[in-house]
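Here the structure is laid out as structure tokens; the discussion comes afterwards.
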Amino acid sequence: MFADPPPPAPEHAAFRWTRGDVALGVVAIVGVLGAIIGAAVASGLRGIGSGIAATVGFEAALALIPLALAWRRGISLRALGFVAPASWWSVLGIWLATYLVLVAYAVLLAVLGGAGIDVSRFEGGNPVPIPSGAPPGVVLALRATAVLVAPVAEEVYFRAFLF
Numbered sequence: 113m114f115a116d117p118p119p120p121a122p123e124h125a126a127f128r129w130t131r132g133d134v135a136l137g138v139v140a141i142v143g144v145l146g147a148i149i150g151a152a153v154a155s156g157l158r159g160i161g162s163g164i165a166a167t168v169g170f171e172a173a174l175a176l177i178p179l180a181l182a183w184r185r186g187i188s189l190r191a192l193g194f195v196a197p198a199s200w201w202s203v204l205g206i207w208l209a210t211y212l213v214l215v216a217y218a219v220l221l222a223v224l225g226g227a228g229i230d231v232s233r234f235e236g237g238n239p240v241p242i243p244s245g246a247p248p249g250v251v252l253a254l255r256a257t258a259v260l261v262a263p264v265a266e267e268v269y270f271r272a273f274l275f
């Protein structure tokens with residue numbers, strides 16, 4: 113008979129990015145990337161070295177610039193959606209579910225391959241493009257960027273601008 117009151121609005125509903133914020137963010141990201149590439153070329157760093165510098169710089173800019181814009185406007189990390197989960201059991205369940213998906217994918221490939229279907233295109237994975245003979249530092253930088261920096265930067269970017 114009596115309806116429950118509506119839940120309180122989430123904190124992130126209290127702000128919206130302005131066109132100026134977005135324009136400033138895009139210009140800053142492009143500017144940082146241009147500066148990194150320019151510095152790499154000017155210092156004689158070519159090929160894989162300049163690619164690593166550009167990749168790491170771009171990923172860092174992708175995370176730091178939205179955070180700087182949020183800080184400039186007084187927007188908290190909580191407002192961007194960075195909050196501890198209500199239950200860490202759900203995090204464990206999601207983590208286990210990702211491995212279940214990987215197992216199901218491997219089983220599906222095995223079944224399709226056993227049925228005579230060519231699945232070789234799907235078995236190679238998505239390796240980090242590392243040229244042969246690359247120094248260990250280059251290999252470490254590329255792998256760290258692909259495994260650590262890129263996911264964190266993309267999470268910050270999408271939470272900040274698209275959440």
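Residues in the sequence shown are numbered from 113 upward in steps of one, following my numbering. The C-beta atom is built at its ideal place from N, Cα and C for all residues, glycine as well.
How long is the line joining the alpha carbons of residue i and residue j, rounded to whole angstroms?
i           : j           : result
residue 222 : residue 249 : 36 Å
residue 259 : residue 132 : 32 Å
residue 138 : residue 168 : 17 Å
residue 124 : residue 196 : Any answer about residue 124 is weak, because its pLDDT of 47 lies below 50 and its placement is not dependable; what the coordinates show is given next. If I take the Cα positions, the gap works out to 15 Å.
residue 150 : residue 143 : 10 Å
residue 170 : residue 267 : 14 Å
residue 184 : residue 192 : 14 Å
residue 231 : residue 225 : 6 Å
residue 263 : residue 227 : 36 Å
residue 189 : residue 212 : 31 Å
residue 134 : residue 269 : 12 Å
Kindly indicate which three-state DSSP category residue i falls into: helix, strand or coil?
i           : result
residue 212 : helix
residue 247 : coil
residue 235 : coil
residue 130 : coil
residue 229 : coil
Between residue i and residue j, how many whole angstroms is the CB-CB distance? I'm expecting something under 8 Å.
i           : j           : result
residue 179 : residue 141 : Actually they do not touch by this definition, with Cβ atoms about 12 Å apart.
residue 172 : residue 145 : So it is not a contact: roughly 10 Å between Cβ atoms.
residue 220 : residue 164 : That belief does not hold up - the Cβ atoms of residue 220 and residue 164 are roughly 35 Å apart, past 8 Å.
residue 128 : residue 194 : That pair is no contact at about 18 Å.
Check whether the Cβ of residue i lies closer than 7 Å to any heavy atom of the ligand NAP, and answer yes or no.
i           : result
residue 206 : Ligands in the displayed structure: none, and consequently the ligand NAP is not present.
**Message:** With three or more C-beta pairs closer than 8 Å as the rule, is the segment 208-226 touching the segment 180-191?
**Reply:** Contact fails: fewer than three Cβ-Cβ distances are below 8 Å.
**Asked** Could you give the uninterrupted runs of the alpha helix (DSSP H) lying entirely in the segment 161-201, keeping only those of 4 residues or more?
**Response** Unbroken alpha helix (DSSP H) runs of no fewer than 4 residues, entirely contained in the segment 161-201, are not found.
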